[in-house]
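**Student:**
In the numbering used here, the protein residues as written are 315 to 577.
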């Protein structure tokens with residue numbers, strides 16, 4: 315398996331879907347020119363995160379969202395890059411919505427991963443995704459696991475992906491906002507990302523919002539759990555290295571973690 319160039323684009327989305335889409339299109343082009351094979355964008359970056367960029371989802375033009383997703387898919391194909399887009403989707407009754415990581419240009423059809431673990435605030439706006447839905451993709455020989463934001467908190471989600479043999483974790487987030495215990499999330503959240511990478515000896519890349527009240531910057535933690543790249547705002551370029559480039563101790567750690575978790 316060769317090293318995999320990956321990019322994230324950290325920005326503060328607004329409630330203007332067209333404006334968000336233009337920024338995302340530019341990021342796709344820039345990441346492609348820089349040689350990235352994958353670009354991650356923050357959670358709900360196309361539509362604007364409800365309770366932050368907008369009060370709720372009542373004013374969202376979902377037809378416009380679909381059109382912009384199509385345009386971004388074409389942009390990703392032109393740039394020769396896989397796009398993991400933070401977006402949302404309205405169900406047919408138009409009163410229920412999902413919080414999605416839409417994977418574009420990884421195969422003949424898009425993959426829409428729907429966030430499963432919702433915060434109490436999320437439940438005011440979204441319904442959870444199916445626990446059995448596909449949550450991995452393959453890019454350039456790498457098997458990559460997908461998660462969204464709050465799913466960081468639940469070790470079983472990451473264990474399941476490790477059991478499935480993922481080579482890296484990809485996660486998008488809106489890790490920002492008021493903290494009921496001020497200062498706690500700024501301390502805890504980065505350490506949790508490090509722990510998820512370290513406990514499974516699996517590299518992890520996060521695309522987070524650039525909102526001023528964010529709890530963590532976008533970043534890359536390697537298979538040791540060490541943060542090796544970070545970016546507060548704009549395009550971050552980094553390269554995933556196979557676990558095999560590290561000491562064999564790390565592969566042994568992963569094997570032991572799997573044995574203890576699953577027998």
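C-beta atoms are modelled at their ideal positions from N, C-alpha and C, and glycine is treated no differently.
Using DSSP with H/G/I as helix, E/B as strand and the rest coil, what is residue 402?
**Tutor:** As a first step, residue 402 must be located in the chain shown, where it is residue number 88. Strand at residue 402.
**Student:** Using 8 Å as the cut-off, can you tell me whether the region 480-498 makes contact with the region 347-365, which would need three or more C-beta pairs spanning the two stretches below that distance?
**Tutor:** yes
**Student:** Is it buried or exposed for residue 475, if we count other Cβ within 10 angstroms and need 16 for buried?
**Tutor:** Position 161 of the chain shown, counted from the first residue, corresponds to residue 475. Looking at its Cβ environment, which holds 16 or more other Cβ atoms inside 10 Å, residue 475 is buried.
**Student:** Using a Cβ-Cβ cut-off of 6 Å (strictly less than) and excluding sequence neighbours within five positions of residue 391, which residues of its own chain qualify?
**Tutor:** Here residue 391 refers to the residue found at position 77 when the chain shown is read from its first residue. Cβ within range, chain order: 419.
**Student:** Return the chain-ordered list of same chain residues with a C-beta closer than 6 Å to the C-beta of residue 322, the five sequence neighbours on each side being excluded.
**Tutor:** Position 8 of the chain shown, counted from the start, is the residue given in the question as residue 322. The beta carbon of residue 322 sits closer than 6 Å to those of 354, 521, 532, 550, all from its chain and outside the five residues before and after it, given in chain order.
**Student:** Let me know if residue 505 comes out buried or exposed under the rule of 16 or more other beta-carbons within 10 Å of its beta-carbon.
**Tutor:** Here residue 505 is taken as the residue at index 191 of the chain shown, counted from 1. Exposed, since its Cβ has fewer than 16 Cβ neighbours within 10 Å.
**Student:** Tell me the start and end of each unbroken alpha helix (DSSP H) in the region 324-360 that is at least 4 residues and wholly inside, in chain order.
**Tutor:** List check, alpha helix (DSSP H) in window: 331-347.
**Student:** Does the beta-carbon of residue 364 have 16 or more other beta-carbons within 10 angstroms, so that it is buried, or is it exposed?
**Tutor:** Counting from one through the chain shown, the residue named residue 364 turns up at place 50. Buried: at least 16 other Cβ atoms inside 10 Å.
**Student:** Helix, strand or coil, according to DSSP, for residue 492 in the structure here?
**Tutor:** In the chain shown, counting from the first residue as 1, residue 492 sits at position 178. It is coil, neither helix nor strand.
**Student:** Tell me, to the nearest whole angstrom, how far the beta carbon of residue 429 is from that of residue 462; I am working on the premise that it is less than 8 Å.
**Tutor:** The residue given as residue 429 occupies position 115 in the chain shown. The residue given as residue 462 occupies position 148 in the chain shown. So it is a contact: roughly 4 Å between Cβ atoms.
**Student:** Less than 8 Å between the CB atoms is what I'm expecting for residue 537 and residue 515, so what's the real figure, rounded?
**Tutor:** For the purposes of this step, residue 537 is taken as the residue at position 223 of the chain shown. For the purposes of this step, residue 515 is taken as the residue at position 201 of the chain shown. That pair is a contact at about 5 Å.
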